[in-house]
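Let me begin by presenting the structure, written as structure tokens, before commenting on it.
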Amino acid sequence: MDQWLFEIQGRTQIEITGRDRVKFLHSFCTNDIKKLQPGQGCEAFVTNVNGKVLGHIFVFAERESLWLESGAAAALLPHFDKYVITDDVRFVDRSAEFAELLLAGPPSTELLERFGLSVSSLPRYGHLSHGSDALP
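Dropping the structure here:
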């Protein structure tokens, strides 16, 4: 069986830190951000106060941060910044530090596990954090 590796372009990776990060992002999203534990993630839409959709996002929880991945960051970040008043929350665009790749094909899981990335038991939107040193 074949595997295919594609680079995904036009997506932004935003690291969200601060004591109020979960509460802050939860108040803008259509999914329950508060339930996410480290290693879990979800898909959501960000809306304005009238319920209009501003963008589609993926949210991934880490121990000390949330990661937001979206193609609509140009519209979302100014919207979030407008509402940061007393909340302890910071948004940092980390896109330049990442390459986003899609590995597809039936034996993809086995290939990743040969490199020491145990992914077969991950739930949907589950994730692992590894630096580039984890790959050959």
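By this note's numbering, the letter at position 127 of the sequence shown is numbered 127, and the numbering carries on one by one without gaps.
Every residue, glycine too, gets a C-beta built ideally from N, C-alpha and C.
These numbers come from a predicted model, not from an experiment.
Specify the secondary structure class of residue 53 as computed by DSSP and reduced to three states. strand
Can you check which of these residues, 66, 49, 30 and 20, is closest to residue 41 by C-alpha distance? 66
Could you check which residue in 13, 36, 105 and 69 has the C-alpha nearest to that of residue 23? 36
Can you check whether the CB of residue 13 is closer than 7 Å to the CB of residue 94? yes
Does the contact criterion of 3 or more C-beta pairs under 8 Å hold for the region 3–22 versus the region 86–104? The region 3–22, when compared against the region 86–104, does touch it at the 8 Å Cβ threshold.
May I have the straight-line CA-CA distance separating residue 6 from residue 113, to the nearest angstrom? 19 Å
Provide the residue span of the beta strand (DSSP E) that contains residue 108, from first to last. Where residue 108 is concerned, there is no enclosing beta strand (DSSP E), although the alpha helix (DSSP H) it sits in stretches over 108–114.
Could you tell me which residues DSSP pairs with residue 76 in its beta bridges? The partner list for residue 76 (beta bridge, DSSP) is empty, contrary to what the question assumes.
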